[in-house]
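In the working numbering, the protein residues as written are 75 to 195.
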Amino acid sequence: MTNLFLFLGAILGGVAVALGAFGAHALQKRLTPPKLTTFETGVRYQFYHVFALIAVGLLQTVRPEVGLLAVAGWLFVVGILFFSGSLYWLAFGGPRWLGPITPLGGLVFILAWVILAVAAL
């Protein structure tokens with residue numbers, strides 16, 4: 075499981091860099107400023123939580139017996155998909171019903187951080 079979270083963190087980090095560059099260079103003239111801001115928020119939060127995901131993977135190398143680390147790791151992945159994924163979708167004109175998925179992703183992020191804190195104890 076340790077290598078999986080390090081792998082996912084590395085892949086999602088690379089995707090965040092690519093999306094950030096795409097946003098900075100290709101989307102400036104294609105998206106309205108509010109939609110570009112929405113897109114950039116998705117990239118920023120993806121990056122923040124990629125670092126958390128990598129930290130979980132590294133912590134698992136030290137404390138493999140702490141099962142809550144895996145729970146936190148999966149919640150970070152789900153949070154990235156829900157929070158950042160819904161923002162990307164909305165920035166490109168996705169259906170408005172996706173809007174409520176964004177705060178759900180935020181709640182998943184919060185839960186992941188709380189579980190990571192409990193695992194640290």
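Backbone N, C-alpha and C define an ideal beta-carbon position, used for all residues, glycine too.
With a CB to CB cut of under 6 Å and the five nearest residues on each side skipped, what residues in its chain are close to residue i?
i    : result
F121 : A90
P177 : none
G87  : V124
Among the options, whose alpha-carbon lies nearest the alpha-carbon of residue i?
i    : options                : result
Q134 : H123, G147, V124       : G147
W163 : I85, G131, L93         : L93
A194 : L142, G159, S158       : L142
K103 : V188, L78, G179, F166  : F166
L78  : V117, A129, A100, R118 : A129
L105 : E139, P138, G168       : G168
G179 : A95, G159, V192        : G159
V117 : H99, A95, A100         : A95
If you measure between the beta carbons of residue i and residue j, is that distance less than 8 Å?
i    : j    : result
L127 : V145 : no
L110 : G131 : no
L149 : I189 : yes
Would you mind giving the Cβ-Cβ distance between residue i and residue j, rounded to the nearest angstrom? I have them listed as a contact below 8 Å.
i    : j    : result
H123 : I154 : 5 Å
I184 : F156 : Actually they are not in contact, since the Cβ atoms of I184 and F156 sit about 12 Å apart, beyond 8 Å.
In the region 84 to 166, which residue ranges form an unbroken alpha helix (DSSP H) of at least 4 residues, counting only runs that do not cross its ends?
107 to 136, 142 to 153, 159 to 165
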